Amino acid sequence: DIQMTQSPSSLSASVGDRVTITCRASQTIGTYLNWYQHKTGKAPELLIYATSRFLSGVPSRFSGSGSGTDFTLTISSLQPEDFATYYCQQSFSHPRTFGQGTKVEIK
Amino acid sequence: QGQQVQSGAEVKKPGASVKVSCKASGYPFTSYDVNWVRQAPGRGLEWMGWMNPDSGHTGHAQKFQGRVTMTRDTSINTAYMELSSLTSEDTAVYYCARDVYDSSGHSYFDYWGQGTPVTVSS
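From first to last, the protein sequence lines stand for chains A and B.
Numbering-wise (this note's numbering), the first sequence opens with residue 4 and increments by one.
Numbering-wise (this note's numbering), the second sequence opens with residue 1199 and increments by one.
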């Protein structure tokens, strides 16, 4: 199975800050990497798929990059509604493993 | 706009089984795989398995081997996930999610059910 490791596990940031979350795969996965946002009591929501692609409706302050084993999610200017837990997930093969999550909290 | 609506909360005793349903609407049910994901209290998202509603083919994470069964009823656009031999470790919110493949073969989960809390307690 492909293991996904995120860092940091949690972070504190202020509104307007630039935030970067990293995700590392235990083997190369090309660009088969998705990012989800999960708020307490709600279903997870897709932010980015295929490393850097978006569906309509995702704010432009979110961006993704990387390839192979190392990936990054960046929030260019943190907004109040962005406080949540973020998960990476590989879609290269089954099982479709998730990272352990990064909780973004208010400083 | 597609959506997936799951069955309600369940409370089960250790050793019992639970069956969660996921009813799809707004899109052709048999055209997209259904995946199941859970989140235990204080833990992250855990992928459990997938099912192709057209063929009925399934796959699951090794840790659920022998305990998880995924089925569907195409007449009512509903997928089911049954987990047996429950322990307290299975207390979690269970989600179904639609798996979409784009033209380049990348896949992602776009529509998620609202989640079904399952509590296992004696």
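Where is the CB? At the ideal position from N, CA and C, for every residue including glycine.
Model, not experiment: these values are computed from the prediction.
Which whole-angstrom value describes the C-beta separation of residue i and residue j, a residue pair presumed to lie in contact below a C-beta threshold of 8 angstroms?
i                : j                : result
A46 of chain A   : G1240 of chain B : Wrong, their Cβ atoms sit about 18 angstroms apart, outside the cutoff.
V1232 of chain B : C1220 of chain B : 6 angstroms
F101 of chain A  : W1245 of chain B : 6 angstroms
A1290 of chain B : Q1237 of chain B : 6 angstroms
Y1292 of chain B : W1248 of chain B : With a Cβ gap of about 14 angstroms, Y1292 of chain B and W1248 of chain B do not count as contacting.
What did DSSP end up calling residue i once you bin it into helix, strand or coil?
i                : result
S13 of chain A   : strand
T25 of chain A   : strand
D85 of chain A   : helix
D73 of chain A   : strand
D1300 of chain B : coil
T1256 of chain B : strand
S1215 of chain B : coil
F57 of chain A   : coil
T105 of chain A  : strand
D1288 of chain B : helix
T8 of chain A    : strand
F95 of chain A   : coil
K45 of chain A   : coil
T1151 of chain B : Residue numbering for chain B in the displayed model covers 1199 to 1320; residue 1151 of chain B lies beyond these limits and cannot be assessed.
In angstroms with no decimal places, state the Cα-to-Cα distance between residue i and residue j.
i                : j                : result
T1285 of chain B : Q93 of chain A   : 28 angstroms
M1268 of chain B : P1315 of chain B : 18 angstroms
H97 of chain A   : A1259 of chain B : 8 angstroms
T1272 of chain B : M1279 of chain B : 14 angstroms
D1308 of chain B : Q1201 of chain B : 10 angstroms
H1304 of chain B : D1297 of chain B : 10 angstroms
I5 of chain A    : F65 of chain A   : 25 angstroms
S1320 of chain B : S1283 of chain B : 13 angstroms
T1317 of chain B : T105 of chain A  : 25 angstroms
S1205 of chain B : V1218 of chain B : 6 angstroms
Y1225 of chain B : N1275 of chain B : 10 angstroms
Q1199 of chain B : Q1263 of chain B : 34 angstroms
F57 of chain A   : E1287 of chain B : 35 angstroms
P1212 of chain B : G1313 of chain B : 21 angstroms
M7 of chain A    : A1222 of chain B : 30 angstroms
Would you say residue i and residue j are within 9 angstroms of each other, going by their C-beta atoms?
i                : j                : result
I32 of chain A   : T77 of chain A   : no
H41 of chain A   : T88 of chain A   : yes
V107 of chain A  : L81 of chain A   : yes
G1254 of chain B : R1270 of chain B : yes
K67 of chain A   : I51 of chain A   : Here the sequence assigns Gly to residue 67 of chain A, which means Lys is not the residue at that position. Yes; because the gap between Cβ atoms is below 9 angstroms, this pair is in contact.
S12 of chain A   : Q103 of chain A  : yes
C91 of chain A   : Q9 of chain A    : yes
L1281 of chain B : S1229 of chain B : no
L49 of chain A   : Y39 of chain A   : yes
Span of the beta strand (DSSP E) holding residue i?
i                : result
G1247 of chain B : 1243 to 1249
H41 of chain A   : 36 to 41
Y1278 of chain B : 1276 to 1281
I51 of chain A   : 48 to 51
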